[in-house]
Every structure is written in structure tokens, then in C-alpha cells.
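With the first letter of the sequence shown counted as 1, position 376 gets the number 376 in full-length UniProt numbering; the numbers rise by one all the way through.
Beta carbons are placed, not taken as given, at the ideal position from N, Cα and C, and that holds for glycine.
Given the structure is predicted, the values throughout are model-derived calculations rather than measurements.
What follows is one structure encoded as C-alpha cells, with my remarks underneath.
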Amino acid sequence: VLELKPSSVDSKFSTTMQVYVFPRYFDTAWVLTSFVPSYSDLDTVLITSNMIANFCCEPAGWVQTKSIHISCPKESTSSKFLAPYTTFSRIHTKSFCLDMFSLRGLGVSSSTDGTMKIWQASNGELRRVLEGHVFDVNCCRFFPSGLVVLSGGMDAQLKIWSAEDASCVVTFKGHKGGILDTAIVDRGRNVVSGSRDGTARLWDCGRSACLGVLADCGASINGVAVGAADNSINLGSPEQMPSEREVGTEAKMLLLAREDKKLQCLGLQSRQPVFLFIGSDAFNCCTFLSGFLLLAGTQDGNIYQLDVRSPRAPVQIIHRSGAPVLSLLSFRDGFIASQGDGSCFIVQQDLDYVIELTGADCDPVYKVATWEKQIYACCRDSLVRRYQLSDL
């Protein structure tokens with residue numbers, strides 16, 4: 001319960017308001033006012049706890065708004081809470097991962113029941129069901145063409161599917177443990193997988209063959225990322241001539257988020273080490289922000305930003321809570337992160353506030369993806385939430 005008192009909005013308006021704000025626990029941020037003013041649009045009011053809330057309010061009763069901006073000047077912090085535009089509840093009983101393909105307006109998501117589903121991004125309407133994995137499907141993503149889907153499961157199999165007819169066109173076997181993450185190299189002639197067996201492998205999609213073990217860590221590889229390297233970064237030279245089946249691996253970095261608290265970077269083509277960074281806990285996920293900047297999230301809630309050119313000391317460490325960081329996604333000039341306590345937020349350099357994506361309550365948000373000006377998040381509560389950035 002917050003008591004709101006007007007400041008300089010209107011000198012004639014002296015009524016104190018009591019409001020209830022529930023930004024984290026409902027799909028909509030609700031404000032309940034206990035007065036009946038003659039004003040239908042109130043921009044800024046001063047909260048007695050030295051915060052500022054921006055919202056529109058109507059005469060009395062419940063007021064529904066999709067976003068609320070709250071700042072605390074004394075702490076130099078500010079957040080904008082954004083409620084979901086809509087939720088899709090009939091896709092899965094429990095979703096693990098999702099990806100979006102913008103040109104066709106489709107989403108793909110995976111589940112613990114061994115299936116994946118392709119659906120319309122605009123309304124959640126089901127298009128295809130992809131069946132063939134045994135046990136959990138941990139990761140899924142569209143190829144750049146949008147015509148095929150890559151998936152990895154706890155059955156240690158990596159599969160490629162047709163998004164047109166839901167058929168499985170390729171199955172890769174070779175891992176001895178569940179596949180936890182994948183990455184697509186360039187246009188998709190090659191793909192990378194990371195597994196609980198401690199290895200990262202490079203695969204040839206055309207011949208359904210393994211081109212080699214990129215790394216054997218001795219610890220579970222929870223996340224992988226491939227990115228183009230800045231010209232200033234020395235990726236080393238391969239000890240052997242790369243296979244002619246390797247396409248697009250040159251000048252690329254491979255990033256591995258490991259269970260043994262290590263973040264490993266190596267040249268994708270050379271297989272030579274670039275750096276090895278030791279964090280505070282197991283690394284769950286990683287992504288590249290540019291040709292030399294990267295992010296990696298840990299089990300104890302730390303988000304490390306590193307510069308590949310000088311990786312010994314982090315550029316910064318972001319710590320919002322002690323909940324595991326489950327996903328990281330490069331977004332505009334910043335990133336989107338989700339955690340095991342239900343928090344999901346956007347950090348951008350050109351904004352002086354953090355955008356909080358609400359609605360998940362305390363259920364872990366496993367993955368986020370974007371389509372045009374919309375963000376999608378899949379959660380343990382089985383809902384896929386769609387956020388409209390225009391609501392900001």
C-alpha cells in the first residue's frame with residue numbers, strides 16, 4: 001500500500017491517494033485509488049517513500065495500465081514495470097526454451113514431454129508439433145532461413161526438423177549426455193552443441209556427421225555461443241587443415257559456459273584457447289554483445305560483462321538477486337536477462353532505468369526471445385508471455 005500525495009501537478013488538488021500496486025504478481029499492473037477527483041490524466045505524483053510513479057488514473061476504482069515507472073532519486077535507481085500484452089497458455093504444460101523467426105512471424109518452443117511446437121507469434125495459434133525426442137527437449141532454435149529447426153534433448157540427440165511438415169530430417173548422435181545448448185554457425189551449414197558429457201562438438205548438417213570435438217572440459221557445458229571476433233583478437237592457428245566441410249568457422253569465437261565455474265573462449269576454427277575465466281559459481285548461459293564484449297550468467301545470480309581483449313577483470317558485474325541467471329539475450333544496445341526467481345529485465349545503455357518484465361511471480365523464466373517490437377518469455381508456469389514494447 002502506497003500513500004500518494006500530489007506535488008506541483010495542480011495546486012488546487014490536495015487529496016491524498018492510497019494505491020495498491022502489484023507489478024510482480026499479476027499480468028497487469030493495477031492501481032487502486034481511493035478518491036474521486038475531477039482529473040482523468042495525472043502524470044506525476046510524489047510517493048511518500050521518495051519515489052516517483054508515472055501513470056494515468058481515472059476517477060476512482062480500479063485503473064489498468066500496462067506500465068508503471070518508479071524511481072528512487074536518493075538511491076539513483078529507476079525501473080519501469082511492463083505487464084504482458086497477452087499470454088499463451090495452451091502451447092505446453094511446461095516450456096523449457098523458445099525462439100522466434102521474424103520474417104515468418106513464427107515461434108518454436110520445447111517442453112519436458114519430448115515435444116516441440118511451432119506457433120503463430122501474433123496469437124499463439126498452433127501450427128506444427130515436432131515429436132521424436134525422448135525425455136526433455138532442452139533447447140530449440142530456428143535456422144536463419146526459418147524453414148528448419150535445430151533441437152537438443154536429454155536423450156543426447158541433436159535433431160534438425162522441417163518447419164513445413166514437422167518431419168525430422170537429420171539426427172546427430174555422438175554425445176554421451178544430454179545436450180543443453182546449441183549454436184548455429186553462419187548460415188547453418190555447421191552447428192555446435194554443448195552437452196552434460198563435458199564436450200562441445202561441431203556438426204556437418206549436410207552429411208549428418210561430427211566434424212570434431214571442439215572442447216573436452218570434464219564438466220557439463222550448460223551454454224554455448226558463437227560470435228564474430230574483432231580483428232584485434234588473436235584466435236590462433238589450427239594445428240591441422242580444417243575440413244572442407246567447415247563453412248563459416250573462420251574469424252569466429254566459441255564461448256562455453258561450464259558447470260565447474262569456468263567460462264571458456266576459443267577460436268572456433270583454430271580450436272586454440274583465447275581465455276579461461278573463473279567465476280563465482282557455475283555458469284549457466286552466455287552471449288556475445290559485440291566482437292569483443294560478452295555476457296555470462298552464473299548460478300548465484302551474477303552477470304559478468306567481459307572484454308575478450310582483457311578478460312582478467314570484468315568490465316562490470318551485475319547482481320540483482322541470488323537466483324540463478326537462466327538466459328541472456330543481446331538486445332539493441334543492451335541485453336535481456338531472466339532468472340530463477342521469476343525476474344526478467346532489460347538493460348539498455350541509452351536508458352537511465354531498467355525495464356522489468358512482470359507476470360512470472362516466483363516461477364523461473366527459462367528463456368526469452370524477440371520478434372519485431374515484442375518480447376516473448378517462457379516460464380515454469382507453462383505460460384508464454386508476450387510483451388509489447390510500444391506499451392512503454
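Is residue i near residue j, with beta carbons less than 8 angstroms apart?
i: S193; j: G177; result: no
i: F96; j: L383; result: no
i: L263; j: Q272; result: no
i: A121; j: L103; result: no
i: C139; j: D181; result: yes
i: L255; j: A228; result: no
i: L150; j: T358; result: no
Exposed or buried, what is residue i when buried is set at 16 or more other beta-carbons lying within 10 Å of its beta-carbon?
i: Y25; result: Legend: pLDDT at Y25 = 40, less than 50; position of this residue unreliable, value from coordinates given subsequently. Y25 is exposed by the Cβ-count criterion.
i: C57; result: Reliability of the predicted coordinates at C57 is poor, the pLDDT of 42 falling under 50, and no value is obtained from them.
i: Q339; result: buried
i: V108; result: buried
i: H319; result: exposed
i: V129; result: exposed
i: E259; result: buried
To the nearest angstrom, how far is it from the Cα of residue i to the Cα of residue j?
i: Q348; j: K74; result: 21 angstroms
i: D99; j: S310; result: 32 angstroms
i: L289; j: V308; result: 11 angstroms
i: Q388; j: G236; result: 43 angstroms
i: I221; j: D197; result: 8 angstroms
i: D230; j: Y353; result: 30 angstroms
i: S79; j: R245; result: 48 angstroms
i: V247; j: P238; result: 15 angstroms
i: W62; j: L326; result: Confidence in W62 is poor, its pLDDT being 43 and thus under 50, which makes the residue's placement unreliable; the coordinate value appears in the next sentence. Their backbone Cα atoms lie some 35 angstroms apart in a straight line.
i: R332; j: E372; result: 11 angstroms
i: Q269; j: I68; result: 47 angstroms
i: A209; j: A183; result: 16 angstroms
i: E250; j: V169; result: 27 angstroms
i: Y376; j: R90; result: 15 angstroms
i: Y85; j: E356; result: 14 angstroms
i: S243; j: L329; result: 31 angstroms
i: K173; j: K66; result: 46 angstroms
i: E125; j: G301; result: 34 angstroms
What does residue i pair with, by DSSP beta-bridge criteria?
i: K173; result: Answer is none; K173 lacks a bridge partner.
i: S78; result: S71
i: residue 395; result: Outside the displayed range of the chain (1 to 392) lies residue 395, so it cannot be described from this structure.
i: M253; result: G227, G267
i: F335; result: S330, V347
Am I right that residue i and residue j are in contact with their C-beta atoms under 8 angstroms? What's the rounded C-beta distance?
i: C341; j: A313; result: Sequence inspection shows Asp at residue 341; the Cys mentioned does not correspond to that position. Between A313 and D341 the Cβ distance is about 28 angstroms, and since that is not below 8 angstroms, they are no contact.
i: L293; j: C286; result: Not quite, the Cβ-Cβ distance comes to about 12 angstroms (not below 8 angstroms), so this is no contact.
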